[in-house]
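Counted from 1, the sequence shown has number 961 at position 961 by our numbering; the numbering is strictly sequential.
All C-beta atoms in this analysis are idealised placements derived from N, C-alpha and C, irrespective of residue type, glycine included.
All values derive from a computational prediction rather than experimental measurement.
As structure tokens, the structure follows; a few thoughts come after it.
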Amino acid sequence: MLSEFSVKKPFTVVVAVIMVLVLGFISFTHMTPNLMPNIDFPYVIVTTAYPGASPEKVESSVTKPLEQALSTTAGMKNITSTSSENFSMVMLEFNQNINMDSVMINVNNTVSSVSSSFDDTVGTPSMMKLNPDMMAVMMASVDVDGMDSYEVSEFVQNTVVPEFERIDGIASVTATGLVEEQLQIKLDQGKIDALNDKILKNVDEELSKAEDEIQSGKKKLKDQRTDFESQSEEQKQKLVDASSQLEDGKTELQSAIDKIGMTKQQLEDAVSKAEETKETLSGQLETAQDMRDQMAEAGLDTTEIDGQIKLLQDGITQADTGITQAKQGIQAYDALDTLKEQEKELESGKITLTQKLTEASVQLTNAEGKLEEAEQQFEEQREEAYQNTGLDGVITVDMIQKMLQAENFSMPAGYLSEGNAQYLIKVGDEFADETEIKDLLLFSTGVDGVGDIYLKDVAEVSWADNAGETYAKINGNDGILLSFEKSSTASTTEATDAVHTAMDSLMENNPDLHITALMDQGVYIDIIIKSVLDNLLYGGILAIIVLLLFLKTFKPTLIIATSIPISLLFAMVLMYFSGVTLNIISLSGLALGVGMLVDNSIVVIENIYRLRNLGVNKRKAAVQGAKQVAGAITSSTLTTICVFLPIVFTDGLTRQLFADMGLTIAYSLVASLFVALTLVPTMSSTILNKADEKKHPWFDAVVNVYEKLLRFCLRKKVYVLSFTIILLILSGVLVVRMGTAFMPDVDSTQMSATLTMPDDSDKEDTYQMSDTFMERALEIEDVQTVGAMQAGNIMGMGTSDPGEMTFYILLDEDKKHTNKEVAKMLEEKTADLNCEVDIAASTMDMSMLGGSGIELVIHGTDLDQMAQISKDMTGILEGVEGTTDITNGLEDASAEVRVIVNKNKAMEYGLTVAQVYQAVSGAISTETNATTLSADDADYPVIILNDSDVTRSNLGNYELEGTKDQKDVTVKLSDIASIEEAESPLSISHDNQTRTMTVSALVDEDHNIGLVSRDVEKQLDDYELPSGYTVTLSGENETINQSLSDLVLMIGAAVLFIYLIMVAQFQSLVSPFIVLFTLPLAFTGGLLALVMTGSELSVVAMLGFLVLAGIVVNNGIVFVDYTNQLRLDGMEKKEALVQTGRTRIRPILMTAMTTVLAMSTMAIGVGTGSEMTQPLAIVVIGGLTYATLLTLFVVPCIYDLLRRKDLKPIVIEDEEQKHETEGNVL
């Protein structure tokens, strides 16, 4: 046995105790403090952007395909979705304890396969796991004396934020309210018009030249026509003259021929004869002359011969004349033939000339026609040239955006190897400053006087900021709000402590700098943990005082008191190695267990004390005293521990929230059992030298009165039992009428509020109203700091509502009023403001885990029908007392203008629906994010502004550029599309792929969520729904019912385990039932305690009943066990019951009072955050007090009714005929 070993080897026990103390201290200092246990949210969210799409389009094109594909994911429990304008969100809920890393891989694969079929305009889906670390752990305000908003922004961005970002454990720091700069590019129509004028002037000159050329061509053609006609007449006249001359020549020649009277042949013959005669005469003449010469020489008379010679000469002359005349006749004939040939040629020339003149005339006519056509085309294209010459259609937002993106480019192209060296080839260079952007070459016109066109030639490039669109103030002064998120592995308190250290360092180095924490989970955790530890300490002290009062001696009190810190540190060791963190739940378990830690030690020390009074020496008394009750305290410890065993069969928040409490209580009780069986006997064998029992006259009087009452109750058992049953039923009815809640409201020093302006308010109205709200909030006594923010988004993609403002309110740590009271005062001070104020009494309220208010979820298909049901549900909620802030989503329906494109008409102009969308989107957008300028160690967005003149009324007149008949044309939007105004729901929700619509309402402070939900259920029962439509009641009440159901099952299973353990202890199937009757007594006391304190039946209160089930049976076990022992020793039943009552009343009262008083500070609500576990303490104290008192009367009565037979010991005979009494009964 442990007790015997401990007494024999005390130093071994001492060493073990020292090891426990050391390990416990190390474990405590290394445990991560958090507000709540590590809660694993088995949720995956898939978000997809679909720019320009309506909720219906998002639903059909994105949400439904994703839902259908993801619904088959292994381990999925539920799938919900929301389809909003431009956006789809699908949330997947999985079973607890599933491997979320594997889930993410499966979801990613599924989403990738589905998204490949999406339109190009649909964005890439993104996935994330829900993580509590996504929430900010701290919000802080920053302001600097003597600095304006610009200087503060620069200081925070360059000095403060980098300092915080270097802190280990801080994942990100987000600054809200910074004055952010951007480079704005605004197309300057004046500059564009000036360039247009230059280009137009050049075009005019070119057109004038072209026109001059056409006119010159026309003149030349006209002159050529005149010359042609003149030359044509001249040539014709020449032909006429030539013909006339030929006719005259022919007439003259014919006349001459006619005079000759001879034919050409005759003339030729005559010539031939005349030539022959001439030749003869010439011969005769020559002979005659020779003769004359001879006669002359001879002196003869030559007269006769001279006469003959003369005759011969005359004959020759006549022959010549005849020849000449004949030849002339022949020539006349030849000339006549020539003239005839010329006449033929002349006629042929006439024909040729006529053809050529005709061809030339046709060419001139064609040239004139072409010139006229060119002139016509010139006139037609003149206007088009003027239209197309301008830069308005060339210099566009889209063109500049693409140019900036293309030029602001730098990317490694790869490596180039030369020998053993490698060179990185980097292509491009990003813009260095705004000058480079201004000097960006857009294009070259090639026009004289215009040349290259740069961005500065067509646009104004300037710096701008969002100072007028950002609101962030602290106590009325301009400032910056910082939001801190911790890394997933960091401790909240360590992270926030490091932030505070950095704050102090920054403010020490900058006296004008003021940083104030508006919301700090770390501080709140420290406050809560300190409060719980204080309650734990106070409880331990009170328990020790109770022991001292009962025992009236210091030594046994010291022994028992020593067991408290050792058991706690032992439990810390077990908590550390099992991964349990320091949080409000686990520490509450320790605080709850403090009173029970001494129970085992009390039983052991009381038994040892009894044996010492019987004369047993201290060592034997220590061993025997522990050994005799070892079985009883072990079973009682197991009954308390086993009530938390069924928690493993639950899931969801119930298990994640309260598993730590069960483990810490179990660890502390196991530790106390070990201490009671080892350290207590060891110390008793050393310290308890004297055995004189102290007198307790007042307690002896109480025992005597108790004996009389017990004997009376044994005689009136039926009345006693009837009274307890009636009281149980009555208390249950009273509590049910009080209603239910999920978590109690928790007080803190931090509050928040949201201010919502009317729809027709502008941002100036919002800012002015916010200033007024802040002034009035600061007038409240306990309000220390008020920070307000509304992030103006210079990028034009902010999600904040310009009519909403968020306030963080920090209260004094020693505040005189509760958060609810401060919230009430704030509501009264702002009641006359023309705005809606929603105040969250605490930013640390744990009830948010269970949702809030009432939700009626409508399931169906047709949105119009669901909208009608939604209106009916709104009427139902309005008729239920206690509901407030009723919303159904219909009042927030967005007005929209639908452009329904006629595809056939659009295609006539070469336009598709997508092209129409792009054109309209570009026309109505006011800003376009072009690129980013990195300069001066900062990144600045480069924005292109667009002064759009498109309004809802003139949208149909917007002209789109298209093509028709291979020509560029413009067409009005109204010519190719119908434009309709309609209302569309802001979002369409699905629950397991079925459309849903939610009507929600909050419950005011004067009513209970559970009771109001019951009234709503009654109204729903009388409502007739159309076929195919259902309405389910959801919200906080659903979470409450689910958690309460889980706890009821846990209590039922716990009762079963308790019974089985007692069967093993008593070796009887009947005796455990006697003890189990203490449970209704305990529940009655717990219910009555809730009624008396005005507490609601919350999940925490139900957990108190679970704890109670394991505690109260201990007294019954002790009572029944001792009664059985007395009866086995031969005592009569009723006397045994009375004697047991007298003997065991002191340890029963001691154990009960130590537990009750240990939890009293928790029940009273000492310390900040005690509201969280207050219902549990109330239930345990009420139940244990009531059950303890009535156990002393009711258990004997039940025992007397059920155990009518005498008890007999179980005798086992061995080979030597010996027997052994087990002390158990059948």
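Residue i versus residue j: straight-line alpha-carbon distance, rounded
i, j, result
"L92", "V161", "35 Å"
"C713", "G1086", "23 Å"
"E229", "T251", "33 Å"
"Q308", "T317", "14 Å"
"L587", "A1158", "13 Å"
"M846", "I585", "Below a pLDDT of 50, predicted positions are generally treated as unreliable, and M846, at 49, falls in that range; the measurement from the model is reported next regardless. Cα-Cα distance, rounded: 12 Å."
"D248", "L311", "42 Å"
"S117", "V969", "34 Å"
"M769", "Q790", "13 Å"
"A406", "D433", "16 Å"
"L1248", "G540", "Because the chain here runs from 1 to 1226, residue 1248 falls outside it and cannot be looked at."
"M1062", "I602", "21 Å"
"V837", "T1191", "53 Å"
Residue i, enclosing beta strand (DSSP E) - first and last residue
i, result
"I809", "804 to 811"
"S748", "That residue, S748, is in no beta strand (DSSP E); it is neither H nor E in DSSP."
"T1093", "Unbroken run through T1093 is the alpha helix (DSSP H), 1078 to 1093; no beta strand (DSSP E)."
"Q157", "Q157 -> no beta strand (DSSP E), and no H or E assigned at all."
"R995", "994 to 1003"
"K473", "471 to 474"
"L481", "480 to 486"
"G1227", "Any question about residue 1227 goes unanswered here, given that the chain covers just 1 to 1226."
"G123", "Note, G123: premise wrong, no beta strand (DSSP E); not H, not E."
"K967", "967 to 972"
"T883", "883 to 887"
"A841", "Careful: A841 lies outside any beta strand (DSSP E) and carries neither H nor E."
Beta-bridge pairing of residue i - partner residues as DSSP gives them
i, result
"Q422", "S417"
"Y43", "E93"
"N78", "E93"
"R1260", "Any question about residue 1260 goes unanswered here, given that the chain covers just 1 to 1226."
"D520", "M138"
Buried versus exposed, by CB contacts within 10 Å (16 or more), residue i
i, result
"E67", "buried"
"Q1174", "buried"
"I146", "Looking at the sequence itself, residue 146 is Gly, so the reference to Ile does not match. Its Cβ having fewer than 16 others within 10 Å, G146 is exposed."
"R737", "exposed"
"A1229", "The shown model of the chain, from 1 to 1226, leaves out residue 1229, and the question about it has no answer."
"I1009", "buried"
"M411", "exposed"
"I794", "Any reading at I794 is ruled out, since the residue's pLDDT is 32, under 50, leaving its predicted position unreliable."
Residue range of the alpha helix (DSSP H) that includes residue i
i, result
"Q68", "64 to 70"
"N1124", "1099 to 1128"
"A288", "264 to 298"
"R1146", "1133 to 1158"
"L130", "Here L130 belongs to no alpha helix (DSSP H), and DSSP marks it neither H nor E."
"G860", "Careful: G860 lies outside any alpha helix (DSSP H), inside the beta strand (DSSP E) at 854 to 860."
"L863", "863 to 878"
"D497", "492 to 509"
Worksheet item: Given 8 Å as the limit, is there contact between the region 922 to 940 and the region 395 to 408, that is, 3 or more CB pairs closer than that?
Response: yes
Discussion item. Does the contact criterion of 3 or more C-beta pairs under 8 Å hold for the region 451 to 468 versus the region 183 to 197?
Written reply: yes
Discussion item. If contact is defined by three or more beta carbon pairs under 8 Å, each pair taking one atom from either stretch, is the region 1051 to 1061 in contact with the region 1148 to 1157?
Written reply: no
Discussion item. Using a Cβ distance threshold of 8 Å, determine whether the region 505 to 512 contacts the region 1114 to 1124, with at least three qualifying pairs required.
Written reply: no
Item to complete: Could you tell me whether the region 18 to 28 touches the region 41 to 61, where touching means 3 or more Cβ pairs closer than 8 Å?
Response: no
Worksheet item: Do three or more CB pairs link the region 950 to 967 to the region 914 to 923 at distances below 8 Å?
Response: yes
Worksheet item: Any contact of the region 877 to 887 with the region 1001 to 1008, i.e. 3+ C-beta pairs under 8 Å?
Response: yes
Worksheet item: Taking contact to mean at least 3 C-beta pairs separated by less than 8 Å, is the region 818 to 826 in contact with the region 960 to 969?
Response: no
Worksheet item: Three or more C-beta pairs closer than 8 Å, one from the region 1087 to 1105 and one from the region 1179 to 1195: is that the case here?
Response: yes
Practice prompt. Report yes or no: do three or more beta-carbon pairs, one from the region 984 to 995 and one from the region 72 to 92, lie closer than 8 Å?
Written response: yes
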